[in-house]
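Residue numbers (my numbering): 175 to 603.
A short worksheet on the structure shown next.
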């Protein structure tokens, strides 16, 4: 996009980030001789790497993974830019480079101004310090003078809504409290550039709305905002421009409407791929989803009529026994808004002792969605820390078809859900 040199506050030139990943041998049974020989080879390889100044990675093979490749763009002062793309596209890596948390392998980034970033819950906080102490610590890291922090202190506390816990160590904060305080500090200490990752998804809907309002206010005062989200409604309401990343590359850079349409079309392609072959996922891999589909009463895969009983079927493969597992299923519309969330944690029905291969079925007695296309997001986590075993967005796509649910010959036209209702009238005069 064209811009004058004086207006450019962030410039990325042929940016690339490479990681080296070590892989252990897949052989399960080995003789003693093989084990000794492999250990000697590994020791020799490690010694050579040390002498040559190369990274020492324990593993039989090294694989190069380019999280970012040849990423170039310019962002102007006061511009609100959405960074969107599927999981594994390189969004978080890009933001970490822009936030100076990690260095690029190749290329160059030029940043004019102070950066405040909110990438992960609790980033930049010391767990043993109180909320009050962390406000001053975070402000100092951002380069603020103590009097500046004091001037904004009451405003930060009021926005975060943590008055009662201000002198409590933040290690005792919930994830929502962490995010509220971290965002309040980052947004109120007047950085020239504000970078916000998907971390806002931890907060409730009311807090998310509050944050969007604050980011709009920040941008109106001439500051620059970079915002990463899978929620296209939030991207559309806040941003004027969208950069779409795919496999570490810039797939599209243009208006927010063009970017969203590009992303949504590629998302449909991802949902049509075999789930077990998808690489754009998170989790430690002890349990992986291998297939997912929605079945209505007609028995046709991924086709359900309004008001029918629907079954969401998920198959999995576990490399070891998982003693306890929470599963959540999100149904999303074409804008990536979660319109329905089904979670075993909330129904107090976690799965136990999952091993080998198997399937899980969630039955919805009456699906009340209006006609249209919907997507399925799957997440399996281990309580109480909720570390992901597997997390896949767009794991399946299904269609809800019209049905005369009211037996009136008419189908509801507006909204997302329909409801059974009765109408009565009475005279009051």
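The beta-carbon is built from N, C-alpha and C at its ideal position, and this holds for glycine as well.
All values derive from a computational prediction rather than experimental measurement.
Distance from the CA of residue 592 to the CA of residue 539, rounded to the nearest whole angstrom, comes to 14 Å. Residue 360: member of the alpha helix (DSSP H) spanning 349–362, first to last residue.
Taking 7 Å as the cut-off, the beta carbon of residue 309 is found no closer than this to the beta carbon of residue 336. Each residue's CA atom was taken as its position, placing residue 571 and residue 359 some 39 Å apart. By a beta-carbon distance limit of 8 Å, residue 263 contacts residue 421. Their separation comes to about 7 Å.
Taking 7 Å as the cut-off, the Cβ atoms of residue 393 and residue 254 count as close. Residue 510 is a Cβ neighbour of residue 406, given a cutoff of 7 Å. Excluding the 5 residues flanking it on each side, residue 530 has same chain C-beta neighbours closer than 8 Å at 491, 492, in chain order. Distance from the CA atom of residue 341 to the CA atom of residue 319, rounded to whole angstroms, is 21 Å. Counting of Cβ neighbours within 10 angstroms places residue 193 among the exposed residues, the total staying below 16.
Under the criterion of beta carbons closer than 8 Å, residue 419 and residue 265 qualify as touching, at roughly 6 Å. Looking at 463, 248, 260, 339, the one whose alpha-carbon comes closest to that of residue 532 is 463.
Sequence-distant partners of residue 307 (beyond 5 residues in either direction) whose C-beta falls short of 8 Å from its own C-beta, in its chain, are 300. For residue 370, the three-state secondary structure derived from DSSP is strand.
In terms of Cβ geometry, residue 274 and residue 366 do not form a close pair [threshold 7 Å]. With respect to the 7 Å criterion, residue 473 and residue 482 are not classified as neighbours on the basis of their beta carbons. With respect to the 7 Å criterion, residue 183 and residue 251 are classified as neighbours on the basis of their beta carbons.
Counting only residues of its own chain and dropping the five nearest sequence neighbours on each side, residue 243 has a CB closer than 7 Å to the CB of 190, 422, 423. Three or more Cβ pairs closer than 8 Å define a contact, and the segment 578–588 falls short of that threshold against the segment 521–530. Assignment of beta-bridge partners to residue 416 by DSSP yields 256, 428. For residue 256 against residue 403, the beta-carbon gap comes to about 7 Å, under 8 Å, which counts as contact. DSSP, reduced to helix, strand and coil, places residue 334 within a helical segment of the structure shown. Residue 454 and residue 577 have their C-alpha atoms some 35 Å from each other.
Counting only runs of at least 3 residues, the segment 526–557 fully encloses the following beta strand (DSSP E) elements, listed from N- to C-terminal order: 546–556.
Collapsing the DSSP output to three states places residue 423 in a strand. Comparing C-alpha distances from residue 513 to each of 568, 590, 240 shows the shortest one belongs to 590. Taken in chain order, the unbroken stretches of beta strand (DSSP E) that lie wholly in the segment 244–317 and span 3 residues or more are 254–258, 280–285, 289–292.
When secondary structure is reduced to three states using DSSP, residue 434 falls in the helix class. Check the Cα spacing between residue 398 and each of 314, 186, 364, 188: the tightest is with 364. Using a Cβ distance threshold of 7 Å, residue 466 and residue 334 do not count as a contacting pair. Counting C-beta atoms within 10 angstroms of its own C-beta, residue 326 has 16 or more neighbours from the protein chains shown and is therefore classed as buried. When the beta-carbon positions are compared, residue 574 and residue 546 come within less than 7 Å of each other. Counting along the chain, no beta strand (DSSP E) covers residue 592, and no H or E run does either.
The three-state reading of DSSP puts residue 567 in strand, counting E and B together. The residues 464, in chain order, have a CB closer than 6 Å to that of residue 450 in the same chain once the five nearest residues on each side in sequence are set aside. Within the same chain, Cβ atoms closer than 7 Å to the Cβ of residue 430 are found at 256, 409, 410, 413, 414, 415, 416, the five residues on either side in sequence being excluded.
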